[in-house]
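Numbering (our numbering), first residue to last: 5 to 247.
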C-alpha cells in the first residue's frame, strides 16, 4: 500500500530433478494460489545464484548438479504460476552469481519468455578470498553477457556488497558511481548485509557497513538517480495489475 515492492527469494529444497518430476507441485501450487490472493506485484527470484555449482567444500549440492534440470524446473514452476493466474503479479527475476574466475554463466541461460528481469550477485569478499576486486572487474563480464543475450531485459543487482575493511566506503562510492555512468540497464540495486563462514566456524568475512561506509551509503543514496528517478520498468510493474 506504500508503494514498496517485495522481493522474495524462493529457494526450496535443492532438488531440481524432483521439481521436474512433479514431486513439489502441491507446494508450488499453494504458493501460486497465495500470490493470487495477495493480488499485488512482487519480485520472485527462484533458486538464487542458480549457477553457483559448489559449496565451500567444492562439491555440488545434491540435486543441483545439472543446469538442464534447473532450466526445466524453472519452466515447470513458471507454467504452474501461469495456470494459476499468478504471473499477473509475479515479476520473475533470473538471479545468477557473478564471481570472477569462479562461476560460469553459459549453460544456465533461460529464454526471455520465462523471466522479466535478469540479475546478479556481486560480492567483493576480500577476507575470505584474499582478493580485492573493483566493482567493474566483478561485473563487466556479466553485464556484457546480458547486453548480448538479453538486451531488452532490465538488469538487477539482487545482492551486492564488499568486505568490512578500511577501503569499504571507497568501494561503495565507486560502485554506485559506476552504475550511473557505465551500466544504464541496471534498474535495481540491493546492498546486502552478508556473513561468510567456513563450515561451522565463526564469521570469516562480512559485508556489514563500518561507520565510514554508512556515511558513504547515505551520500550515494541521496543522488536523485536512485531516489527520485521514476523508472519506466517499475511503471510496467504496476501496470501488470491493470492487465
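Every residue gets a Cβ at the ideal spot worked out from N, C-alpha and C, and that includes glycine.
For residue 72, the three-state DSSP class (helix, strand or coil): Within the chain shown, the letter at position 68 stands for residue 72. The three-state secondary structure of residue 72, taken from DSSP, is helix.
Cβ-based neighbour list, residue 220, same chain, cut-off 6 Å, excluding 5 preceding and 5 following: Counting from one through the chain shown, the residue named residue 220 turns up at place 216. Closer than 6 Å at Cβ, skipping near neighbours: 173, 176, 177.
Separation of residue 83 from residue 7, as counted between CA atoms: For the purposes of this step, residue 7 is taken as the residue at position 3 of the chain shown. For the purposes of this step, residue 83 is taken as the residue at position 79 of the chain shown. Rounded to the nearest angstrom, the two C-alpha atoms are 28 Å apart.
Inside the segment 155-202 only - alpha helix (DSSP H) runs reaching at least 4 residues: Listed in chain order, the alpha helix (DSSP H) runs fully inside the segment 155-202 are 172-186, counting runs of at least 4 residues.
Nearest-angstrom Cα separation, counted from residue 51 out to residue 62: By 1-based counting over the chain shown, the position of residue 62 is 58. By 1-based counting over the chain shown, the position of residue 51 is 47. Bear in mind that the predicted position of residue 62 carries a pLDDT of just 45, short of 50, making it unreliable; the figure below should be weighed with that in mind. Looking at the two C-alpha atoms, the distance is approximately 19 Å.
Span separating the alpha-carbon of residue 156 from that of residue 227: As a position in the chain shown, residue 156 is number 152, starting the count at 1. As a position in the chain shown, residue 227 is number 223, starting the count at 1. One C-alpha to the other measures close to 26 Å.
Own chain partners of residue 189 with C-beta closer than 6 Å, once the 5 adjacent residues on each side are dropped: Your numbering for residue 189 matches position 185 in the chain shown. These residues qualify, in order along the chain: 159.
Cβ neighbours of residue 126 in the same chain (closer than 7 Å, five flanking residues each side left out): In the chain shown, residue 126 corresponds to position 122, counting from 1. The beta carbon of residue 126 is closer than 7 Å to those of 102, 139, 142, 143, 161, 164 in its chain, skipping five residues each way along the sequence.
Cβ pair residue 223, residue 211 closer than 8 Å: Residue mapping note: residue 223 aligns to position 219 of the chain shown, counting from 1. Residue mapping note: residue 211 aligns to position 207 of the chain shown, counting from 1. The answer is no: Cβ separation not under 8 Å.
Residue 33 versus 121, 42, 81, residue with shortest Cα-Cα distance: The count along the chain shown starts at 1 and reaches residue 33 at position 29. The shortest Cα separation from residue 33 among 121, 42, 81 belongs to 81.
Simplified DSSP assignment, three categories, for residue 215: Stepping through the chain shown from its first residue, residue 215 is reached at position 211. In this structure, residue 215 counts as helix in the three-state DSSP scheme.
Beta-carbon gap between residue 118 and residue 149 smaller than 8 Å: Taking the chain shown and counting its residues from 1, the one referred to as residue 118 is at position 114. Taking the chain shown and counting its residues from 1, the one referred to as residue 149 is at position 145. Not a contact, by the Cβ cut-off of 8 Å.
Straight-line Cα distance separating residue 27 from residue 19: Your numbering for residue 19 matches position 15 in the chain shown. Your numbering for residue 27 matches position 23 in the chain shown. In a straight line, the C-alpha of residue 19 is about 9 Å away from that of residue 27.
Residue 96 - containing beta strand (DSSP E), residue span: Here residue 96 corresponds to residue number 92 of the chain shown, with the count starting at 1. Note, residue 96: beta strand (DSSP E), 94-101.
Where residue 124 sits in the DSSP three-state scheme: The residue you call residue 124 lines up with position 120 of the chain shown. It is a strand residue.
Per-residue DSSP class, three states only, for residue 47: Locating residue 47 in the chain shown gives position 43, where the first residue counts as 1. Under the three-state reduction of DSSP output, residue 47 falls in the strand class.
Beta-bridge pairing of residue 11 - partner residues as DSSP gives them: Here the question's residue 11 lines up with position 7 in the chain shown. Under the DSSP definition of a beta bridge, residue 11 partners with 47.
Beta-carbon gap between residue 88 and residue 36 smaller than 8 Å: As a working note, residue 88 is residue 84 in the chain shown. As a working note, residue 36 is residue 32 in the chain shown. It is a contact, given that the beta carbons lie within the stated cut-off.
Three-state class that DSSP yields for residue 79 in the structure shown: Stepping through the chain shown from its first residue, residue 79 is reached at position 75. The answer is helix: DSSP assigns residue 79 an H, G or I state.
Straight-line Cα distance separating residue 12 from residue 136: If you number the chain shown from 1, residue 136 lands on position 132. If you number the chain shown from 1, residue 12 lands on position 8. For residue 136 and residue 12, the distance between alpha carbons rounds to 30 Å.
Buried/exposed call for residue 184, threshold 16 Cβ in 10 Å: In the chain shown, the residue the question calls residue 184 occupies position 180. Exposed.
Separation of residue 115 from residue 39, as counted between CA atoms: On the chain shown, residue 39 is found 35 positions in, with the first residue counted as 1. On the chain shown, residue 115 is found 111 positions in, with the first residue counted as 1. Approximately 23 Å between the Cα atoms of the pair.
Where the alpha helix (DSSP H) containing residue 34 begins and where it ends: Mapped onto the chain shown, residue 34 falls at position 30. 29-42 is the span of the alpha helix (DSSP H), which, as asked, contains residue 34.
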